[in-house]
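Input: a single structure, listed below in structure tokens.
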Amino acid sequence: MAEEHHRATGPDPAGGGAETEEREEAFVLEATRLSARLIYEVIRRDGEAELDRPFVSLLWSGFAAGILISLSVLGEAIFRANLPDTSGAFLIENLGYSLGFVVVILGRMQLFTENTITTVLPAITRRSLSCFRAMMRLWGVVLGANVLGALLAGWFMTIPGVFSDDMTEAITGLSRHAVGMGTWDSFIRAVPAGVLVASLVWIMPSARGNELLVILAFTWAIAAGDFTHIIAGSVEMGFLLWRNELDLVEVLMTFFLPVLAGNVVGGTAIFTMLAWGQVKNEVRQGRGSPADHDH
């Protein structure tokens with residue numbers, strides 16, 4: 001009878017209780033949101049690693065990102081060329097814009113607008129001239145490599161026979177709209193794009209298997225909001241330059257430099273400062289642990 005009772009009630013309650021508590025604790029840690037301090041630490045360490053990468057690695061990674069971000073222009077053009085001309089078609093069309101970002105971000109390639117937050121956090125923390133120089137070196141190399149790759153992709157799009165007439169027309173329309181906003185509009189629309197990309201970087205450590213959906217949501221918002229992005233926009237700028245539709249000096253002054261400034265303002269001066277404000281006291285005073293979680 002005693003044996004039957006033991007089998008019915010299961011293992012020793014003390015032992016079973018300990019195992020249950022361990023399982024519950026593991027589940028709670030898995031389900032609990034990451035703290036702002038931990039997100040900051042993840043991004044800071046990633047930024048430190050990026051600052052230490054060799055010049056050649058940064059160059060090739062940035063060049064590849066510049067080429068592959070052209071998939072955003074192609075993805076959007078594919079939808080535009082094939083969707084019916086209805087009032088809400090642009091909402092679906094803009095999903096294509098996410099394609100290049102998915103490839104570049106999940107492929108861990110160097111994209112300039114990501115670096116405006118990732119590498120600036122170590123510079124804010126360390127506040128040393130050497131770290132600032134390393135950050136500016138990385139920014140310069142990655143931006144230059146991104147733009148070269150984007151211009152090469154833009155040239156490829158102009159080759160006769162690469163795309164159908166409908167696709168070429170769609171790419172042309174997208175490109176003319178992107179680079180034809182004027183100086184002020186190009187700048188002011190670049191600020192939200194910088195904030196959105198930086199927000200994407202900040203959220204990724206908490207994505208936990210949902211990275212694809214996070215990238216889709218934020219980059220779709222850039223396109224749907226009609227905001228401007230310096231690297232994807234450089235593909236469109238290059239496409240029109242190779243077709244001799246633009247004057248180089250004029251497009252630099254009315255599109256490239258204003259968008260570059262707006263992305264940096266949105267990604268660094270606004271978002272990074274706000275993100276730093278959440279954790280600066282903890283970082284400086286050493287309170288908490290990188291393993292801390294919000295409850």
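Just so we're aligned, residue 1 is where the sequence shown starts under full-length UniProt numbering, counting upward by one.
For every residue, glycine included, the Cβ atom is placed at its ideal position computed from N, Cα and C.
Nothing here was measured: the structure is a model prediction, and the numbers come from that model.
- Burial check for Leu246: the Cβ neighbour count within 10 Å reaches 16 or more, so the residue is buried.
- Given a length threshold of 4 residues, each whole run of the alpha helix (DSSP H) inside the segment 158-224 is given here in chain order: 165-179, 183-203 and 211-224.
- As the crow flies, the alpha-carbon of Val259 is around 31 Å from that of Leu38.
- Taking C-beta atoms as the reference points, Gly267 and Gly154 fail to come closer than 7 Å.
- Our two residues, Met181 and Phe255, have alpha carbons roughly 8 Å apart in a direct line.
- Straight-line measurement puts the Cα of Thr116 at about 12 Å from the Cα of Leu196.
- Contact check for Met136 against Ala64 fails: the beta carbons are separated by 7 Å or more.
- For Val251, the enclosing alpha helix (DSSP H) begins and ends at Leu248 to Val251.
- Around the beta carbon of Val73, 16 or more other beta carbons lie within 10 angstroms, which makes this residue buried.
- Taken through DSSP and simplified to helix, strand or coil, Leu34 comes out as strand.
- For Thr272, the CB contacts under 6 Å within the same chain, skipping 5 residues up- and downstream, are Ile117 and Val120 in chain order.
- Apart from the 5 residues on each side of it in sequence, Asn94 sits with its Cβ closer than 7 Å to the Cβ of Glu76, Trp220, Ala223 and Ala224 in its chain, given in chain order.
- Per DSSP, the unbroken alpha helix (DSSP H) holding Ser98 starts and ends at Ser98 to Leu106.
- Taking Ser234 as the centre and dropping the five residues before and after it, the same chain places the C-beta of Val147 and Ala150 closer than 6 Å to its C-beta, in chain order.
- Leaving aside the five residues that flank Val141 on each side, the residues in its chain whose CB is nearer than 7 Å to its CB run, in chain order, Phe55, Leu58, Leu59 and Gly62.
- Note that the C-beta distance between Phe112 and Ile231 is below 7 Å.
- Boundaries of the alpha helix (DSSP H) around Thr113: Phe112 to Thr118.
- When secondary structure is reduced to three states using DSSP, Asp226 falls in the coil class, being assigned neither helix nor strand.
- In the DSSP assignment, Arg243 falls outside any alpha helix (DSSP H) and carries neither an H nor an E.
- A straight-line Cα-Cα distance of about 15 Å links Leu129 and Glu48.
- Taking the Cα of Ser70 as reference, the smallest distance to any Cα among Ile105, Leu83, Tyr97 and Gln278 is reached at Tyr97.
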